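Residue numbers (the numbering used here): 13 to 90.
Here the structure is laid out as structure tokens; the discussion comes afterwards.
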Amino acid sequence: MIEGVSEEVLNLLRKDSIICPRCHTTMDFSMETESFGNGMKKVTTYYKCSVCSYRIPDMTIEIYRYNGSAKIKLNGKF
Ligand SMILES: [Zn+2]
């Protein structure tokens, strides 16, 4: 989990619950974080079904740290 900034972003991005197309269970909103050596972090958000593990990609968020400030780039559908 990335400190502070990404949690706020994710709370803003969190959408209404999505229903699994396979088994009609409410899907969980989740995320993965990758860190790169140059100070960039990439966050991938997705919805995952806890019952059948069906996964729907949501978007990727790239966070660059530069001179103590963070720059955020969003990719995905809105
Ligand atoms: Zn399912």
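Cβ coordinates follow ideal geometry from the N, Cα and C atoms, glycine included.
These numbers come from a predicted model, not from an experiment.
With residue i and residue j assumed to form a contact (beta carbons below 8 Å), what rounded beta-carbon distance in angstroms separates them?
i	j	result
C39	Y59	The amino acid occupying residue 39 in the given sequence is Met; Cys does not appear at that position. The pair is a contact, with the Cβ atoms about 4 Å apart (cut-off 8 Å).
T37	V63	5 Å
Considering just the uninterrupted stretch of the beta strand (DSSP E) at residue i, what are its terminal residues?
i	result
Y78	67-78
I need the straight-line Cα distance from residue i to residue j, nearest angstrom please.
i	j	result
Y78	I30	35 Å
C32	M71	17 Å
T47	R34	The displayed chain sequence assigns Ser, not Thr, to residue 47. Near 32 Å, if we compare the C-alpha coordinates of R34 and S47.
K85	T45	14 Å
K53	G80	14 Å
R67	K83	28 Å
F41	S65	12 Å
From the DSSP output, which residues share a beta bridge with residue i?
i	result
N87	T72
F41	Y59
I31	T38
Residues in the same chain with beta-carbon distance under 8 Å from residue i, minus the five sequence neighbours each way, listed in chain order, please.
i	result
N87	M71, T72, I73, E74
In chain order, what residues of the same chain have a beta carbon less than 6 Å from the beta carbon of residue i, not counting five sequence neighbours either side?
i	result
P69	Y58
G51	R77
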